[in-house]
Ligand code: TXA
Ligand code: MG
């Protein structure tokens with residue numbers, strides 16, 4: 004299949020942008036697939052109400068079809084059509100955080116095909132804030148099912164370059180728009196609204212504290228951090244080993260000086276064996292490492308920088324054939340909790356305490 008790649012720049016006249024996005028929208032209405040930017044990561048979109056489109060998405064990603072898709076909408080009122088009823092707490096969260104990086108799970112209505120929800124009676128819904136995403140969804144008819152636009156098992160793409168690497172030849176169109184402000188770089192927070200006390204199934208930019216401030220008590224799915232838990236995660240996608248770089252990744256936790264000393268001892272040993280090493284560092288320690296490839300995740304006071312860069316780092320380690328990767332650990336709190344969750348998954352939960 005030939006993939007059309009279209010680029011949208013901030014400086015373009017609105018009419019030209021609209022032209023391109025209405026073309027993209029027509030592809031969705033005809034049952035095709037279009038990758039599009041959001042404020043979290045790029046999505047791989049198809050018509051959420053068309054069962055064949057869902058099947059095509061699974062095929063393009065190489066993703067198991069029991070892993071449900073998120074339905075993206077462009078206005079809050081579109082939620083009515085997708086769910087059987089809207090809990091009051093969901094109304095509050097929509098008012099507070101939509102458009103934005105929050106996905107809510109509710110009981111689905113009959114018009115949502117089981118192919119879109121991976122056979123579940125619930126549906127995940129999100130209204131993104133990226134202006135290109137919002138206009139594209141509108142042009143596509145208002146209901147776009149989209150997982151992240153990576154091949155299954157790869158890190159979610161945060162720039163068009165990686166969407167093209169994974170999806171060129173597999174889908175109808177890629178909308179490239181890398182110059183939007185407010186990009187987060189990690190997938191949305193997912194909250195299950197079907198229980199009395201809503202539960203976070205995937206941490207993200209919208210934190211547990213932010214959610215609790217709006218609706219009171221909020222749980223967090225234990226399987227997110229506990230590798231040893233024998234419970235199945237409530238978000239089916241969270242059970243797959245995700246974001247795995249080709250090199251072996253370990254997280255190192257402890258006093259900063261000890262972390263740096265440990266990582267340097269390890270990288271020295273690898274070097275003696277002729278193995279290529281990499282480090283993900285925050286800025287206070289970044290100059291202390293002796294690994295072959297060192298990535299600066301920015302300041303711990305500004306975790307958005309680390310969130311923004313993390314998936315690019317993991318892909319670059321692959322491109323640079325790094326064999327052993329060490330990352331400083333982050334806190335299990337706020338936005339750092341989302342960073343730590345993705346790192347733990349990428350590392351297969353390998354964490355070394357020093
Ligand atoms: O930020 C995001 O959420 C991005 C952008 C494109 O919007 N999308 C994204 O989609 O990350 P995906 O498919 O990579 O992750 C969706 C997650 C999966 O873990 C899936 O199992 C879970 O959401 N999920 C979807 N529907 C669900 C449902 N009805 N019940 C439980 N989990 C669900
Ligand atoms: Mg994904």
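Numbering (the working numbering), first residue to last: 4 to 357. No residue lacks a Cβ here, since even glycine has one placed at the ideal position from N, Cα and C.
Along the beta strand (DSSP E) that carries residue i, what are the first and last residues, could you check?
{"i": "residue 382", "result": "This structure leaves residue 382 out entirely; the chain is present only between 4 and 357."}
{"i": "residue 39", "result": "37–39"}
{"i": "residue 197", "result": "From DSSP, residue 197 is part of no beta strand (DSSP E); its letter is neither H nor E."}
{"i": "residue 47", "result": "46–50"}
{"i": "residue 202", "result": "202–205"}
{"i": "residue 75", "result": "73–75"}
{"i": "residue 281", "result": "280–284"}
{"i": "residue 149", "result": "147–149"}
{"i": "residue 254", "result": "251–256"}
Hey, would you say the C-beta of residue i is under 7 angstroms away from at least one heavy atom of the ligand TXA?
{"i": "residue 190", "result": "yes"}
{"i": "residue 345", "result": "no"}
{"i": "residue 127", "result": "yes"}
{"i": "residue 46", "result": "yes"}
{"i": "residue 59", "result": "no"}
{"i": "residue 133", "result": "no"}
{"i": "residue 75", "result": "yes"}
{"i": "residue 227", "result": "no"}
Which stretch, first to last residue, makes up the alpha helix (DSSP H) that contains residue i?
{"i": "residue 61", "result": "54–64"}
{"i": "residue 165", "result": "163–170"}
{"i": "residue 343", "result": "337–349"}
{"i": "residue 314", "result": "306–322"}
{"i": "residue 24", "result": "17–32"}
{"i": "residue 96", "result": "91–100"}
{"i": "residue 215", "result": "211–218"}
{"i": "residue 261", "result": "259–275"}
Roughly how far, in whole angstroms, is the beta-carbon of residue i from the beta-carbon of residue j, given that I think they are within contact range, below 8 angstroms?
{"i": "residue 148", "j": "residue 49", "result": "5 angstroms"}
{"i": "residue 34", "j": "residue 81", "result": "So it is not a contact: roughly 20 angstroms between Cβ atoms."}
{"i": "residue 64", "j": "residue 47", "result": "6 angstroms"}
{"i": "residue 43", "j": "residue 218", "result": "The Cβ separation is near 21 angstroms, so there is no contact."}
{"i": "residue 178", "j": "residue 27", "result": "6 angstroms"}
{"i": "residue 30", "j": "residue 37", "result": "5 angstroms"}
{"i": "residue 203", "j": "residue 223", "result": "5 angstroms"}
{"i": "residue 268", "j": "residue 191", "result": "Actually they do not touch by this definition, with Cβ atoms about 38 angstroms apart."}
{"i": "residue 171", "j": "residue 6", "result": "5 angstroms"}
{"i": "residue 354", "j": "residue 180", "result": "Contact doesn't hold; Cβ gap of about 36 angstroms is too wide."}
{"i": "residue 338", "j": "residue 307", "result": "7 angstroms"}
{"i": "residue 221", "j": "residue 211", "result": "6 angstroms"}
Comparing alpha-carbon positions, which option in the options lies nearest residue i?
{"i": "residue 295", "options": "247, 281 and 61", "result": "281"}
{"i": "residue 1", "options": "196, 226 and 228", "result": "The shown model of the chain, from 4 to 357, leaves out residue 1, and the question about it has no answer."}
{"i": "residue 121", "options": "285, 60 and 5", "result": "60"}
{"i": "residue 325", "options": "333, 284, 278 and 283", "result": "278"}
{"i": "residue 108", "options": "87, 287 and 77", "result": "87"}
{"i": "residue 135", "options": "25, 99 and 320", "result": "25"}
{"i": "residue 352", "options": "68, 247 and 130", "result": "247"}
{"i": "residue 183", "options": "344, 161 and 7", "result": "161"}
{"i": "residue 316", "options": "32, 89, 22 and 165", "result": "165"}
Output yes or no for whether 8 angstroms exceeds the beta carbon distance between residue i and residue j.
{"i": "residue 70", "j": "residue 201", "result": "no"}
{"i": "residue 206", "j": "residue 300", "result": "no"}
{"i": "residue 329", "j": "residue 253", "result": "yes"}
{"i": "residue 1", "j": "residue 357", "result": "Beyond the ends of the chain as shown, which are 4 and 357, falls residue 1; an answer cannot be given."}
{"i": "residue 283", "j": "residue 261", "result": "no"}
{"i": "residue 102", "j": "residue 72", "result": "no"}
{"i": "residue 381", "j": "residue 331", "result": "What is shown of the chain runs 4 to 357, which leaves residue 381 out entirely."}
{"i": "residue 209", "j": "residue 105", "result": "yes"}
{"i": "residue 41", "j": "residue 131", "result": "yes"}
{"i": "residue 250", "j": "residue 139", "result": "no"}
{"i": "residue 302", "j": "residue 285", "result": "yes"}
{"i": "residue 345", "j": "residue 123", "result": "no"}
{"i": "residue 118", "j": "residue 57", "result": "yes"}
Return yes when at least one heavy atom of the ligand MG lies under 7 angstroms from the C-beta of residue i, else no.
{"i": "residue 150", "result": "yes"}
{"i": "residue 159", "result": "yes"}
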